[in-house]
Amino acid sequence: MKATKWRVMKWVIAPISLVVLAALTIFYAFNTTPSARKIAQRLQERLTRDQEIELALSAAPIHLRAQATVYVLEEGKYVKVREGSNGFSCLVVRFGNMVAPYAYDQEGSETLMLADFRRAELVRQGKTLQEAQSILAGEFKSGKLSAPRRAGVAYMLSPEFVRYDTKTGEKTPVFPPHVMFYAPYVSNADIGARPEHVGSPDHVYILNEGGPAAMFIVVPKSNPAMKEDQTSH
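Quick note: to get the working numbering, add 1279 to the position in the sequence shown (first position is 1).
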């Protein structure tokens, strides 16, 4: 039953999946009331700045947190609250009523994270997620947004990748802590992954296959974000 639960949630993992955004819009009916903008406002009310900083940093392995750049969402726009020195950027990405802590490496910070910023801006302007999806697709095609240009990694090691009930505050886990490796335009067929592997925490697979945000999804057996860095002792 547990594996099935994760497979049901398979469409909500990746950072800026154009296909995923469309699926989310349909599955969670984000185009009906409350609007994407209203949902974002309600989620924002549940997090203080300090709480959001802590949540953002929880995406990264412990040894990367102290020197990471941190962004928080304020009034619908991402604001840098701490300048880092190791090339990693931590933030909490919103997908409608879902909260997803991310830690991008430098390559992801220069590419995929900019699409996260853009999506937040579009939602702030009152766009639905479906409308934002269409705009992002056009901007990737035109070159305004860029897929990762080289190999790299984004961490989602926080256990707080959750979907909120904005009325009750109840949280539902979306997917277990995982690591994502950029693989633009790669498909599951390219790596021999079967359809039943997609969305399963027990298999490596490609999310957003064939698109600019395609990436390997790997669920580690032990979570490095929950352990002290042994090299620092």
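Just so it is clear, CB atoms sit at the ideal spot from N, CA and C, and this is done for glycine as well.
Alpha carbon to alpha carbon, what distance is there between E1439 and V1372? The straight-line gap from Cα to Cα measures roughly 12 Å.
Is there contact between the region 1430–1446 and the region 1376–1389, where contact requires at least three CB pairs shorter than 8 Å? In short, these stretches touch, since the Cβ pair count reaches three.
State the DSSP-derived secondary structure class of H1482, mapped to helix, strand or coil. Coil at H1482, not helix or strand.
Could you check which residue in E1354, T1390 and R1397 has the C-alpha nearest to that of Q1412? If you compare the alpha carbons of E1354, T1390 and R1397 with that of Q1412, the shortest gap goes to R1397.
How would you write the range of the alpha helix (DSSP H) that L1401 sits in, first residue to last? Segment L1391 to R1403, the alpha helix (DSSP H) holding L1401.
Coil, strand or helix - L1334 by DSSP: The answer is helix: DSSP assigns L1334 an H, G or I state.
Beta strand (DSSP E) containing S1368: first to last residue? Looking at the DSSP string, the run of the beta strand (DSSP E) that includes S1368 is S1368 to F1374.
Quick check: what's the CA-CA separation for I1414 versus P1463? About 19 Å.
Who are the Cβ neighbours of E1418 in its own chain at under 6 Å, not counting the five residues just before and after it? Only L1424 meet the Cβ criterion.
Since V1453 contacts M1392 with CB under 8 Å, what's their CB separation in whole angstroms? Taking a contact as a CB-CB distance under 8 Å, the pair V1453 and M1392 does not count as one, their CB atoms being some 20 Å apart.
Who are H1457's beta bridge partners in DSSP? Partner residues in the beta bridge of H1457, as assigned by DSSP, are M1435.
Residue of N1365, L1334, G1489 and Y1357 minimising C-alpha distance to Q1346: Considering only N1365, L1334, G1489 and Y1357, the residue with the shortest C-alpha distance to Q1346 is N1365.
From the DSSP output, which residues share a beta bridge with A1462? DSSP lists no partner for A1462.
Report yes or no: do three or more beta-carbon pairs, one from the region 1332–1348 and one from the region 1402–1411, lie closer than 8 Å? They do not touch, by the three-pair rule.
According to DSSP, is E1475 helix, strand or coil? Three-state DSSP puts E1475 in a helix.
Locate the alpha helix (DSSP H) running through E1410, then write down its first and last residues. Element bounds for E1410: L1408 to S1421.
Just verifying my parser: in three-state terms, what is the DSSP assignment at E1386? In this structure, E1386 counts as helix in the three-state DSSP scheme.
Determine which residues share a DSSP beta bridge with L1352 and list them. When beta bridges are read from the DSSP output, L1352 appears opposite Y1357.
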